[in-house]
Every structure is written in C-alpha cells, then in structure tokens.
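Chains as they are written, first to last, in our numbering: chain G, 22 to 264; chain P, 22 to 264. A virtual CB, placed ideally from N, CA and C, is assigned to each residue, including glycine. Since the model is a prediction, treat every value here as computed from it, not as a measurement. Below is one structure, written out as structure tokens; the observations come after it.
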DNA sequence: GTGCAGAAATTGGTTGGACCATTGAACCAC
DNA sequence: GTGGTTCAATGGTCCAACCAATTTCTGCAC
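Structure, rendered in structure tokens:
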C-alpha cells in the first residue's frame with residue numbers, strides 16, 4: 022500500500038508543452054532528421070509564450086532528443102515517444118582516474134551480461150555480422166600495428182546489438198564518449214588497449230559456440246586488461262592530483 | 022591524418038554561463054543542498070539577460086544537478102565540477118513487458134556487480150547502514166504482510182551507495198522509476214516481489230562476510246525471482262499488445 | 001515577551017515584444 | 001553555370017513587466 026500522491030503541478034507549462042509536442046511527433050510520425058514546427062508557431066498553437074516553448078525545447082536539447090540550428094530550424098535527433106525514460110547521468114571529473122574506473126566497472130557488468138545474452142540469443146546473421154566486424158578490427162590491428170578504437174568499438178557495438186536488448190547499446194554508447202575522449206590523451210601508455218586484442222576473438226568464439234558462461238568469462242578478462250592499462254597509466258602520470 | 026575541423030562556435034552564451042557558474046560553485050565550495058545565487062543576480066553579474074541564465078539553469082535542472090523552487094531559490098542537488106561528463110540517456114518504450122524485461126537484464130548485470138563490489142569495498146559504517154535498511158524492510162514486510170517497494174528500494178540504494186561507484190546508483194535510480202510505475206498496476210500478480218524477500222538478507226550476509234562471489238550469486242537469485250514474477254504477470258494479462 | 005495572522009519582500013515562472021545573427025532560398029549580373 | 005546580393009525565415013538574446021509560490025517581516029492581540 023504505497024500512499025503515492027504525485028505532487029500536483031499548478032505550473033508545469035513546459036512539461037505540458039513537451040507532452041503535447043511528443044504527441045504531435047507521434048501523430049505526424051516524425052522520425053530522426055525531420056524538422057519540427059517553428060518556435061513561434063508552437064507558441065501560437067499551444068497558447069504559451071515563445072519563451073516557454075524555448076525552455077521546453079532546451080530540455081529536449083539537453084537530453085539529445087533535438088538539435089536546434091539557428092536560421093534553419095529545430096530537428097529531431099532521436100525517436101521520441103510519449104512514454105520515454107530519461108536518465109541523465111553525470112560523472113564528476115571528466116578525465117580523472119576515478120571517473121574512468123567507475124565507467125569501467127559499469128562496462129564490466131554490462132559487457133559480461135551482454136556477451137552471455139548474445140551467446141544465447143544471437144541469430145546466425147548477427148553472429149556473422151559480429152565476425153565481420155572482428156575481421157575488420159584484426160585487419161586494422163595488423164596494418165596499423167595497434168588498437169584502433171573505431172573498429173574496436175564497432176565490434177563491441179555489434180555484440181550489444183545482438184544481445185537483443187537495446188538498453189545495453191545505449192548505455193555503453195554514452196560511456197564510450199568518455200573513453201574516446203580519454204584515448205586521445207593516452208597518458209603515457211602508448212599501446213593502450215593492446216593487451217585486450219586477443220580477447221575479442223575468444224569472446225566471439227564462445228558466442229559462436231553458444232557458450233554463455235564462457236563468453237561472460239572472456240569478456241571479464243578483456244575488461245581486466247583494460248583496467249590494468251588504466252592503472253598503469255595512472256601510476257605513470259600521477260593523475261590523481263589533476264585539477 | 023584526421024582532417025578534423027570542429028565547427029566554430031560564435032554564440033554559446035548559455036554554455037559560458039554554465040562554465041562560469043561551475044567555477045563559482047567550486048570557488049565557493051558549494052555542496053549539495055546549498056543555495057546558489059538568484060537568477061536576477063546571476064544575470065546582472067554575468068552581464069547576460071535573465072532569460073539566458075534561465076536557459077542555462079534549465080539545462081542543469083534537466084541533468085538533475087540543480088533543483089528550482091519557486092519563491093525560494095535554486096539549490097544544488099549534486100556535486101558540480103567544471104569538467105563533468107554528462108550522458109543523458111533516453112530509453113524508448115515505457116510500460117510494456119519487453120521494456121521491463123530489458124531493464125531487468127540491465128538490473129541483473131548491475132545489481133550483481135554492485136553486490137560483489139560492495140562485499141569488497143564497503144566500510145563498517147556502510148555495512149551497518151545496509152543492515153539498518155534491511156531491518157526496516159523486514160519489519161515492514163511483517164507488519165504489512167507483503168513487499169513494500171519504498172523500503173525495498175532503500176535497501177538496494179544503500180548497497181549501491183556502498184559499492185563506491187556513484188554510477189550504479191544513478192543508473193538504477195532512473196530505472197527504478199520505471200518499475201515503480203509498473204508496480205502501481207500490479208497486473209494480476211498480487212504478491213509481486215514476495216519471492217524476492219528472503220534474498221535481501223542472504224545478500225547482506227554475503228556482503229558482511231566479505232564474500233563477493235557469494236553476494237553476486239545471491240543478487241542473481243533475487244533478480245531471477247523478480248523475472249519469474251514478471252513472466253507470470255505477463256502470462257496472466259497478455260500484456261504484449263499494450264500500446 | 002509570545003504567538004500568530006496578514007502584509008511585504010523575495011524568487012522562480014510566464015508573458016509579449018523587440019532586435020540580432022545565421023541560414024537558405026530566390027534572384028540577378030556576368 | 002558561377003558567384004554575389006537580397007531578403008525572408010528561424011533560432012538566440014535581451015528587456016520590462018507581471019504572476020505565483022515562498023519566505024520574511026511586521027504589528028496586533030494576549
């Protein structure tokens with residue numbers, strides 16, 4: 022018996038605007054890339070001030086749902102549905118060691134689970150797709166003699182996608198941003214990620230063999246190597262007192 | 022050879038406002054709960070319009086960094102540092118069975134990892150805090166003869182907090198929203214969550230015993246019971262065609 | 001002095017109107 | 001066609017009010 026009484030909202034005009042706009046998007050079946058009505062038109066139609074419309078759109082922009090281009094218009098960046106779940110994550114300290122370790126722990130949890138699910142649920146086509154990404158990655162590794170974060174990422178993305186759960190990909194994609202930024206400032210470890218290379222294929226082998234526990238174990242090993250690299254880098258640079 | 026040409030930003034006033042405000046927060050060493058300057062004062066000090074200040078604050082509010090109370094002021098809700106990483110996630114699909122199962126798979130991954138980390142890292146005070154929440158939950162279970170989602174949630178929250186990784190709490194908190202919404206429409210299963218009750222104490226026992234693998238295993242069992250309840254409910258109601 | 005109701009000040013929320021900066025399309029000279 | 005120019009549309013910013021919720025102060029009754 023939860024006595025749940027949602028606080029009444031006497032003023033929530035911008036939320037109301039977003040709800041109306043979400044309904045509009047659904048009714049018009051607007052997809053990513055398409056243009057929304059002008060702020061002025063929205064203000065007039067919804068009988069609110071243009072300023073209120075702007076605050077509402079600012080919310081959506083902050084959520085990455087929408088992109089505003091001055092002089093051009095406002096465009097959808099992602100699918101919008103009336104019942105969306107928003108989870109804004111903020112990680113204190115962008116590039117410091119603790120922050121990266123935090124994301125890595127999340128990655129360990131998700132990557133292991135996704136690999137296991139993938140071993141259970143991936144279809145033949147999806148497994149073939151993963152292998153293709155793996156081949157590309159290995160080729161890039163040979164020709165450029167080192168890990169390539171783009172190709173690496175595509176491999177992992179393929180695994181997440183084949184897990185049958187879209188949330189994995191979305192959550193990790195957001196975190197990948199952070200790692201990407203980090204890899205551009207390698208902090209002393211020149212061959213960052215190098216040690217993780219062989220585990221990509223072992224993960225794929227366990228998935229292809231429909232061995233969830235094996236896939237999970239290999240994924241854990243991969244993350245462990247990245248963790249080691251990270252610790253090594255932190256020890257090199259004494260990053261801890263940064264800022 | 023990356024031909025990287027970032028688009029130049031001639032106007033980014035609200036971002037500048039946020040940067041300045043973040044600097045202010047750091048300089049004044051403001052923590053969560055503390056009040057920050059009035060919109061009017063900020064506008065005057067930063068030599069921008071109050072409207073611009075509002076757009077900037079709307080961004081932070083959307084990120085959950087700040088809470089605005091009409092007539093009272095704007096208050097910090099979380100620690101703020103100039104170099105934060107924001108990753109707003111929006112997950113499509115609200116209340117249907119597939120969506121809930123998706124979140125549950127994420128929960129399984131995170132809850133298991135968090136319990137294990139907690140067994141490794143939690144201090145004595147944190148373990149005591151978890152036990153306190155557990156006692157409250159068990160008491161509520163006895164007196165009201167059933168699971169209480171609020172007390173249940175507080176227990177899990179304590180575990181996440183003691184994991185030493187703030188991201189766990191943030192991610193799960195967002196998903197809890199979804200489950201809470203769901204529990205208000207119990208879909209036929211009257212004693213939803215009932216089966217998960219005993220595992221709360223077994224998880225705690227393994228944490229207190231500093232047994233990461235045991236804690237992970239018990240957490241997995243708990244999620245499995247919730248998963249069963251969910252499947253049972255879906256079978257009852259044939260929810261699949263909802264919306 | 002104490003307690004409390006009501007006034008006043010404070011603060012975020014909203015409005016309407018104005019102007020600026022950028023964009024993109026229509027148009028024109030070459 | 002090519003390369004400018006003009007011009008309307010659109011998002012970005014500003015201002016000056018007023019509204020609504022909250023907090024603080026004031027003054028009266030006791």
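Proximity of residue i and residue j at Cβ, strictly below 8 Å
| i | j | result |
| --- | --- | --- |
| residue 155 (chain P) | residue 222 (chain P) | yes |
| residue 176 (chain G) | residue 189 (chain G) | no |
| residue 137 (chain P) | residue 66 (chain P) | no |
| residue 102 (chain G) | residue 43 (chain G) | yes |
| residue 111 (chain G) | residue 196 (chain G) | no |
| residue 80 (chain P) | residue 131 (chain P) | no |
| residue 51 (chain P) | residue 97 (chain P) | yes |
| residue 107 (chain G) | residue 233 (chain P) | no |
| residue 104 (chain G) | residue 76 (chain G) | no |
| residue 192 (chain G) | residue 192 (chain P) | yes |
| residue 133 (chain P) | residue 240 (chain P) | yes |
| residue 46 (chain P) | residue 57 (chain P) | yes |
Per-residue burial, residue i [other beta carbons within 10 Å of its own, 16 or more giving buried]
| i | result |
| --- | --- |
| residue 95 (chain G) | buried |
| residue 256 (chain G) | exposed |
| residue 91 (chain G) | exposed |
| residue 48 (chain P) | exposed |
| residue 173 (chain P) | buried |
| residue 217 (chain P) | buried |
| residue 261 (chain P) | Annotation note: pLDDT 44 at residue 261 (chain P) (below 50); position unreliable, coordinate value reported separately. With fewer than 16 other Cβ atoms within 10 Å, it is exposed. |
| residue 120 (chain G) | buried |
| residue 146 (chain G) | exposed |
| residue 179 (chain P) | buried |
| residue 144 (chain G) | exposed |
| residue 135 (chain P) | buried |
| residue 160 (chain P) | exposed |
| residue 254 (chain G) | buried |
Close-in-space but distant-in-sequence residues of the same chain around residue i (CB under 8 Å, 5 per side omitted)
| i | result |
| --- | --- |
| residue 142 (chain P) | 183, 184, 185 |
| residue 122 (chain P) | 248, 251 |
| residue 82 (chain G) | 88, 89 |
| residue 242 (chain P) | 220, 223 |
| residue 41 (chain P) | 67 |
| residue 158 (chain G) | 169, 172, 173, 175, 176, 221 |
Chain-order list of residues whose beta-carbon lies under 7 Å from that of residue i (same chain, five-residue window excluded)
| i | result |
| --- | --- |
| residue 99 (chain G) | 53, 85, 86 |
| residue 225 (chain G) | 151, 152, 155 |
| residue 163 (chain P) | none |
| residue 72 (chain P) | none |
6 Å CB neighbourhood of residue i in its chain, flanking five on each side removed
| i | result |
| --- | --- |
| residue 228 (chain P) | 139, 140, 236 |
| residue 129 (chain G) | 244 |
| residue 22 (chain P) | Annotation note: pLDDT 45 at residue 22 (chain P) (below 50); position unreliable, no value reported. |
| residue 55 (chain G) | 97 |
One or two residues paired with residue i in a DSSP bridge
| i | result |
| --- | --- |
| residue 94 (chain P) | P:90 |
| residue 109 (chain P) | G:109 |
| residue 131 (chain P) | Answer by DSSP bridge pairing: none, since residue 131 (chain P) is not bridged. |
| residue 305 (chain P) | With chain P covering 22 to 264 only, the question about residue 305 (chain P) has no answer from this structure. |
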